[in-house]
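Protein chains in written order, with our numbering: chain E, 20 to 129; chain H, 7 to 455.
All residues carry an ideal CB built from backbone N, CA and C; glycine is no exception.
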């Protein structure tokens, strides 16, 4: 499952990504190699979207979420708009869970 | 009772902004022209970097007084003039290429063809030749930047019009793609060539030999020049923070700000190289290193206040936020405190944050800090401040910014802290709610870690 994190410049989502990687590393059940992640600025979205399985969107892009979701829906990829409080706390575990849930829900729907 | 009324007004205000600002931000972000300008200005980075280097390196012999160094600069110092001409001297040309690339990409046109067409159109109106047939390139630099923006958009639109209405020469099926693409270019090339030659001759006859870029610059001068005034800069800095306050990344403003910042930086570099007085304070370096020092709204003071807070939650947010703040990233503060949509912090964040962010620009204006000649890459905050104008006084001014920021946010933070401490006392009994519903959690099943 490849995870793509999107924010305006790709800086704060890089922090979020590091937090998530740490969770995966410490987890007994998850292996790092199964969860490649990348954090990018939204301008690069169209070039990356194809390759990833779950798209996570930072709350500072909530005004653009509809557009991102539209693009992702075309490729049948699940998107999650991260909420402010988890993002502010850089809560990697919750976001990782949200990503897994979105991925599984999407799989079930297909 | 009074509290309730206050909340009501804030909510009305929030609702008003949601109905006005958010759709604007959305439109700007989805507008193909503005997006292409924004992306195009980002790729001017290498051009500006080389330009800065060409302006800074020639002063090395002043610091290292070894004969070998002096000798080298005497013999080969001209390379810096060359680099300067190749980078800043042609920034308009690079801009037309970059913007037409991004715009034609968004229209799914033949990108390299669009870039060629736009470059030709730009050179027709911005280049000149002397009696001996030598090229005069004096308007291909930042003076041609805004012309480049207009021409890239017009040329790509013309090309798009021709493709859309099938006014192009189509090759039969089976002809290789690159061959048919080049045939496709014939009619739009003719149209664009004729159009811009006509424009050039009209401008020529109306103005008596003045080139289009100069006409456009004269026309835009009042608007662009106004950004040199602190009275205009302050509301713009406030506006950036208004966007942030409503959770919208301030990059929404960059299609307007970044071409001006690019032009200003290249003019500053040119003035520095020529030994003249620098005039512009607004560059991407200034905005990032000073206006956004430790993140939008100069929130370092709030982070420090949180670190010494008695509230467990704020202490945690402060700890998470400290390190990224030192790299100018403050999303953990914006979303964690949160500042966004927090009525208590609205006034200090928008009006106070803009003022603390503007402080170094005031220092520049009164001669206490060098004007910017460099857009630093992502480096820690104090280094970034130093590199912007190669001035160690930037560090002192940033320390002052830290202090001001602390006293700006502290009283407002105390209000939040008091509320939070009461909440924490209460919530010891109640369970916190999670964003993940039980139903969703069941999906995780065995993967719960």
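In angstroms, rounded to a whole number, what distance separates the CA positions of residue i and residue j?
| i | j | result |
| --- | --- | --- |
| residue 184/H | residue 66/H | 49 Å |
| residue 97/E | residue 107/H | 30 Å |
| residue 330/H | residue 206/H | 51 Å |
| residue 230/H | residue 144/H | 20 Å |
| residue 101/H | residue 123/H | 14 Å |
| residue 411/H | residue 359/H | 7 Å |
| residue 399/H | residue 73/H | 30 Å |
| residue 297/H | residue 84/H | 36 Å |
| residue 372/H | residue 237/H | 15 Å |
| residue 111/E | residue 345/H | 21 Å |
| residue 239/H | residue 94/E | 43 Å |
| residue 228/H | residue 235/H | 11 Å |
| residue 70/H | residue 62/H | 14 Å |
| residue 41/E | residue 111/H | 37 Å |
| residue 43/E | residue 44/H | 36 Å |
| residue 154/H | residue 98/H | 6 Å |
| residue 121/E | residue 217/H | 57 Å |
| residue 36/E | residue 246/H | 26 Å |
| residue 294/H | residue 21/H | 30 Å |
| residue 419/H | residue 272/H | 41 Å |
| residue 200/H | residue 168/H | 15 Å |
Smallest Cα separation from residue i: which of the options?
| i | options | result |
| --- | --- | --- |
| residue 368/H | 416/H, 287/H and 410/H | 287/H |
| residue 105/E | 39/E, 29/E and 21/E | 39/E |
| residue 377/H | 270/H, 415/H, 356/H and 325/H | 270/H |
| residue 174/H | 165/H, 182/H, 181/H and 180/H | 165/H |
| residue 226/H | 82/H, 262/H, 78/H and 61/H | 262/H |
| residue 134/H | 77/H, 68/H, 168/H and 215/H | 215/H |
| residue 343/H | 316/H, 312/H and 446/H | 312/H |
| residue 192/H | 128/H, 385/H and 176/H | 176/H |
| residue 355/H | 340/H, 366/H and 365/H | 340/H |
| residue 404/H | 394/H, 281/H and 366/H | 366/H |
| residue 127/H | 94/H, 162/H, 114/H and 97/H | 162/H |
| residue 92/E | 46/E, 35/E, 26/E and 129/E | 129/E |
| residue 407/H | 443/H, 82/H and 310/H | 310/H |
| residue 242/H | 264/H, 221/H, 223/H and 224/H | 264/H |
| residue 99/E | 77/E, 82/E, 108/E and 30/E | 77/E |
Could you tell me whether the Cβ of residue i comes closer than 7 Å to any Cβ of chain H?
| i | result |
| --- | --- |
| residue 55/E | no |
| residue 72/E | no |
| residue 62/E | yes |
| residue 111/E | no |
| residue 11/E | Nothing can be reported for residue 11/E: it is not among the residues displayed for chain E, which extend from 20 to 129. |
| residue 116/E | yes |
| residue 83/E | yes |
| residue 36/E | no |
| residue 29/E | no |
| residue 108/E | yes |
Exposed or buried, residue i, counting other C-beta atoms within 10 Å across all chains shown (16 or more means buried)?
| i | result |
| --- | --- |
| residue 19/H | exposed |
| residue 87/H | exposed |
| residue 149/H | buried |
| residue 516/H | No information on residue 516/H is available, as it lies outside the stretch 7 to 455 that chain H covers here. |
| residue 283/H | exposed |
| residue 51/E | exposed |
| residue 25/H | exposed |
| residue 53/E | exposed |
| residue 5/H | The structure shown does not extend to residue 5/H, since chain H spans only 7 to 455, so no value can be given for it. |
| residue 194/H | buried |
| residue 397/H | buried |
| residue 78/H | exposed |
| residue 147/H | buried |
| residue 127/E | exposed |
| residue 325/H | exposed |
| residue 428/H | exposed |
| residue 51/H | exposed |
| residue 432/H | exposed |
Would you verify that the beta carbon of residue i is, or is not, closer than 7 Å to some beta carbon of chain E?
| i | result |
| --- | --- |
| residue 337/H | yes |
| residue 341/H | yes |
| residue 19/H | no |
| residue 97/H | no |
| residue 28/H | yes |
| residue 457/H | There is no way to answer for residue 457/H, as the model of chain H reaches only from 7 to 455. |
| residue 23/H | no |
| residue 45/H | yes |
| residue 344/H | yes |
| residue 8/H | Note that residue 8/H has pLDDT 45, beneath the 50 cutoff, so the model's placement of it is unreliable and the number below is only indicative. So no, residue 8/H is outside the interface. |
Tell me, please, which residues DSSP counts as bridged to residue i.
| i | result |
| --- | --- |
| residue 56/E | 22/E |
| residue 135/H | 141/H |
| residue 100/E | 76/E |
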